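Residue numbers (UniProt numbering), protein chains in the order written: chain A, 1 to 489; chain B, 1 to 489. For every residue, glycine included, the Cβ atom is placed at its ideal position computed from N, Cα and C. Just so it is clear, the structure is predicted and the values come from calculations on it, not from any experiment. Below is one structure, written out as structure tokens, with a few remarks after it.
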């Protein structure tokens with residue numbers, strides 16, 4: 001059932017096509033698919049012409065891979081070619097003359113020279129309107145734009161092993177979030193605690209038994225109070241999962257090759273939700289102070305989760321890997337000696353006698369940027385990767401990767417902000433070569449060189465940053481000079 | 001093999017008996033069991049005479065259950081009876097006239113009235129000498145006390161469902177730690193990084209091939225550097241596991257009834273290691289500032305670990321529980337409606353349609369002190385509980401409980417301390433009724449009422465604390481007025 005619903009949702013939020021008949025999914029049949037909630041997007045930059053450069057001849061599959069850049073870059077065909085030029089490494093930013101991005105968002109990117117044929121990273125910046133799907137009281141109400149919700153959305157998608165997943169996520173993840181929020185429109189606007197239980201369908205509750213709506217006044221003494229904020233967090237978490245499942249369903253198509261880290265920001269009803277699945281990073285710089293808004297998910301930071309899974313489900317290791325960690329690869333001649341190891345429950349190290357199965361390759365190995373799961377992938381959360389296999393093997397790696405983000409919430413109404421405060425999102429390319437403090441210092445230096453009212457200052461500061469430390473992609477979001485201004489941005 | 005080794009170790013560290021013949025465990029046969037490394041303990045306070053009070057007649061099993069209090073309390077038979085008196089609730093502290101505990105340790109306890117017949121909590125304070133078992137170079141060396149190591153040890157054990165586990169842990173856990181450290185004596189005293197690989201046995205390496213000792217200069221470029229500190233952490237972690245396995249092996253005996261939270265502190269070579277498995281708490285008060293040295297492991301804080309296990313191993317739920325969390329119990333008549341839930345990957349909440357299996361009892365339910373795993377136990381880490389079953393069921397709960405502690409390290413050489421700085425260990429009874437700040441304030445107020453050189457000030461301050469906020473047990477450790485003094489305490 002869950003899969004059927006998810007399939008329907010996946011279809012709904014995909015860019016093309018009307019929803020399929022879903023006689024058993026009444027909840028979804030009310031979705032206003034005929035009136036897209038998000039205004040139709042401008043066509044994305046066209047795919048690059050394969051083989052136009054001087055590099056090695058493209059394989060057929062590469063020629064078919066889409067290469068597009070974020071719409072807001074408004075790249076001409078010439079600009080697109082330059083963006084794809086590994087030798088020149090032109091920094092791309094939105095034109096200063098065009099329509100500005102919301103919240104004075106700046107953006108800059110540069111191709112990661114030599115790493116892949118095309119830039120596999122994507123970015124997205126949207127204002128999304130959410131129309132409620134149902135009434136909490138169970139009585140269907142007329143759709144009315146006035147009763148909907150709006151959220152601001154920024155996303156960075158760091159692709160790997162192909163650009164398909166990042167491209168798909170940048171096109172659809174915010175629609176999955178919108179889809180998850182549709183049930184919550186009325187609840188989030190009602191200051192009373194969310195109802196713990198809702199009637200099954202809008203129509204069914206027309207059998208209007210008010211006991212169907214079990215609110216917090218229920219007779220159960222030990223019920224938890226659930227906040228509005230945690231509903232938004234849950235909606236974002238499930239949206240990531242639906243996005244990932246849609247990729248699984250469509251993975252045969254060339255457009256969903258590879259995987260991507262996803263770092264997205266949702267601003268809704270006064271709060272900033274930063275959701276991170278991967279090794280990108282978000283920080284807020286508030287009056288010079290750095291507030292980390294994410295943490296990185298890598299084989300090192302997620303070692304114990306990975307090892308526990310390998311321990312509980314040894315079949316996932318295919319007889320090729322051991323869930324134990326060793327500080328280096330063991331050599332066969334060391335059998336019987338005593339080697340340092342860590343099990344899934346340990347943070348410290350201890351010695352163990354080396355047995356035959358310890359000679360298998362460790363599930364988690366390496367350090368820092370060289371850390372790998374199954375000797376293959378250096379990041380442990382994200383979207384896609386459904387086809388990813390261990391090198392020279394048929395063993396799938398996906399079971400060890402999680403599509404779930406960690407969501408951190410920042411309540412904008414709780415803090416005073418000055419005009420130069422920013423939220424910075426960067427893929428690992430940025431953070432590999434610079435630190436939080438250096439980013440904050442650069443932002444401060446560049447912004448202060450402009451008049452406070454100069455509308456180009458945020459664009460340019462991003463550009464300068466990227467120019468000095470070439471990286472894949474970076475979004476610089478200026479979140480206005482005081483919380484009272486945010487709502488009207 | 002591992003089990004055999006563990007069984008041997010368990011036997012070794014148990015209070016009685018010589019080690020059994022272990023022809024295939026040469027590592028252990030070198031243990032100096034004939035010369036106990038820890039000086040023989042004074043006999044513990046004798047068991048209370050069952051049925052001597054006015055309460056209901058004791059069952060046979062209760063009469064057999066040991067009731068002892070920590071040796072350092074030096075309780076007379078009369079004192080022991082008073083300690084067991086639920087009406088009087090006399091506060092017990094070590095006599096001020098006797099031999100003081102190391103590091104000016106203060107201690108106070110009071111029975112948790114009405115909760116259990118006897119006080120199920122225990123405490124321990126020891127100075128433990130560790131004699132090295134082997135030479136890193138593989139050449140057996142003569143035992144010499146001069147080459148050993150000493151650690152200071154404090155432990156609090158909050159028992160439940162019987163006092164056996166807490167009593168056994170207070171008697172043996174430090175011996176398990178000593179056993180784990182025996183291999184490390186030479187390594188920890190050598191300033192060079194620990195060898196990643198050791199020869200299999202001291203004798204075998206007498207075939208003196210130096211390549212058996214694979215040090216950090218190995219040709220592998222991607223080897224991890226392991227710190228001395230992480231070896232001690234690993235030793236403590238494994239000691240907890242061995243202790244728990246010994247309890248499993250001996251659980252048929254009456255002395256290992258129930259389970260216990262374990263909070264222990266090891267001071268070794270300038271560093272304080274605080275290992276916590278359960279809901280006790282340790283804080284350091286440094287110049288009025290509070291440094292948390294532990295976190296509590298409860299059904300709420302470990303929800304996602306528990307749910308993941310239930311999700312991956314549904315057979316552990318026995319068809320009686322669901323791994324999903326709901327904010328309250330679902331009623332059968334709500335089938336088909338939509339209820340808030342959290343899955344193992346989620347921190348937020350979302351609605352799902354209620355299906356038949358959602359009517360099962362949630363694996364994790366309740367809030368705060370009422371939170372429970374399988375509707376039974378309110379703590380998720382600790383030792384023992386091997387016989388614990390779901391109420392009115394044969395379903396074991398132990399698979400969901402972890403015996404592994406979280407170990408935090410505090411480097412005493414890195415900080416300046418003033419005379420009133422303390423380390424406070426308390427079971428949940430203390431923290432339920434007071435906060436970290438209140439404890440720090442009370443310590444400050446009481447200590448400053450004494451002359452700095454008054455040797456009774458730490459004892460008394462503990463007593464005052466306990467007197468005001470009756471709780472099970474509390475250790476107050478004064479860690480000296482400057483790191484340079486620590487080594488000679």
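Residue-level contact to chain A via CB, residue i, 8 Å cutoff
i: residue 178 of chain B; result: no
i: residue 235 of chain B; result: yes
i: residue 402 of chain B; result: yes
i: residue 367 of chain B; result: yes
i: residue 419 of chain B; result: no
i: residue 8 of chain B; result: Its pLDDT being 44, under 50, residue 8 of chain B is placed unreliably by the model, and the measurement read from it follows with that caveat. False, the Cβ-Cβ gap to chain A never drops below 8 Å.
Alpha carbon of residue i to alpha carbon of residue j, nearest angstrom
i: residue 28 of chain B; j: residue 149 of chain B; result: Since pLDDT at residue 28 of chain B reaches only 28, below the 50 mark, its modelled position is unreliable, and the value read off the structure follows with that caveat. The alpha-carbon atoms of residue 28 of chain B and residue 149 of chain B are separated by roughly 18 Å.
i: residue 244 of chain A; j: residue 169 of chain A; result: 9 Å
i: residue 336 of chain B; j: residue 350 of chain B; result: 15 Å
i: residue 372 of chain A; j: residue 299 of chain A; result: 6 Å
i: residue 90 of chain A; j: residue 348 of chain B; result: 41 Å
i: residue 64 of chain A; j: residue 282 of chain A; result: Caution applies to residue 64 of chain A, whose pLDDT of 38 falls short of 50 and renders its modelled position unreliable; the model cannot decide the point.
i: residue 195 of chain A; j: residue 224 of chain A; result: 11 Å
i: residue 86 of chain A; j: residue 114 of chain A; result: 6 Å
i: residue 256 of chain A; j: residue 368 of chain A; result: 28 Å
i: residue 304 of chain A; j: residue 345 of chain A; result: 7 Å
i: residue 73 of chain A; j: residue 80 of chain A; result: 10 Å
i: residue 95 of chain A; j: residue 454 of chain A; result: 15 Å
i: residue 398 of chain B; j: residue 275 of chain B; result: 20 Å
i: residue 199 of chain A; j: residue 323 of chain B; result: 23 Å
i: residue 76 of chain A; j: residue 353 of chain B; result: 48 Å
i: residue 362 of chain B; j: residue 321 of chain B; result: 5 Å
i: residue 273 of chain A; j: residue 232 of chain A; result: 8 Å
i: residue 129 of chain A; j: residue 267 of chain A; result: 12 Å
Within chain A, the residues that residue i reaches when beta carbons sit closer than 8 Å
i: residue 186 of chain B; result: Residues of chain A passing the Cβ test: none, with the nearest at roughly 13 Å.
i: residue 226 of chain B; result: 327, 340, 349
Whole-angstrom C-beta distance between residue j and residue i, which should lie under 8 Å
i: residue 306 of chain B; j: residue 330 of chain B; result: That pair is no contact at about 19 Å.
i: residue 261 of chain A; j: residue 277 of chain A; result: 6 Å
i: residue 112 of chain B; j: residue 83 of chain B; result: Going by Cβ atoms, the distance from residue 112 of chain B to residue 83 of chain B rounds to 12 Å, so no, they are not a contact pair.
i: residue 428 of chain B; j: residue 444 of chain B; result: With a Cβ gap of about 23 Å, residue 428 of chain B and residue 444 of chain B do not count as contacting.
i: residue 105 of chain A; j: residue 154 of chain A; result: 7 Å
i: residue 164 of chain A; j: residue 122 of chain A; result: Incorrect: roughly 10 Å between the Cβ atoms, too far for contact.
Partners in chain A for residue i, counting only beta-carbon separations shorter than 7 Å
i: residue 230 of chain B; result: 348, 349
i: residue 198 of chain B; result: 337, 338, 351
8 Å Cβ cutoff, residue i in contact with chain C
i: residue 133 of chain B; result: The structure shown contains no chain C; its protein chains are A and B.
Contact with chain B by residue i, beta-carbon distance below 8 Å
i: residue 183 of chain A; result: yes
i: residue 223 of chain A; result: yes
Residues that residue i contacts on chain B, provided the C-beta gap is smaller than 8 Å
i: residue 407 of chain A; result: 347, 348
i: residue 313 of chain A; result: 312
i: residue 238 of chain A; result: 346, 350
Residues sharing a beta bridge with residue i, DSSP
i: residue 158 of chain B; result: B/261
i: residue 267 of chain B; result: B/152, B/272
i: residue 370 of chain B; result: Note: residue 370 of chain B sits in no beta bridge, so no partner.
i: residue 342 of chain A; result: A/325
i: residue 147 of chain B; result: The partner list for residue 147 of chain B (beta bridge, DSSP) is empty, contrary to what the question assumes.
Per-residue contacts from residue i into chain A (C-beta, under 9 Å)
i: residue 119 of chain B; result: Correct list: empty, because the minimum Cβ distance to chain A is about 29 Å.
i: residue 245 of chain B; result: Residues of chain A passing the Cβ test: none, with the nearest at roughly 13 Å.
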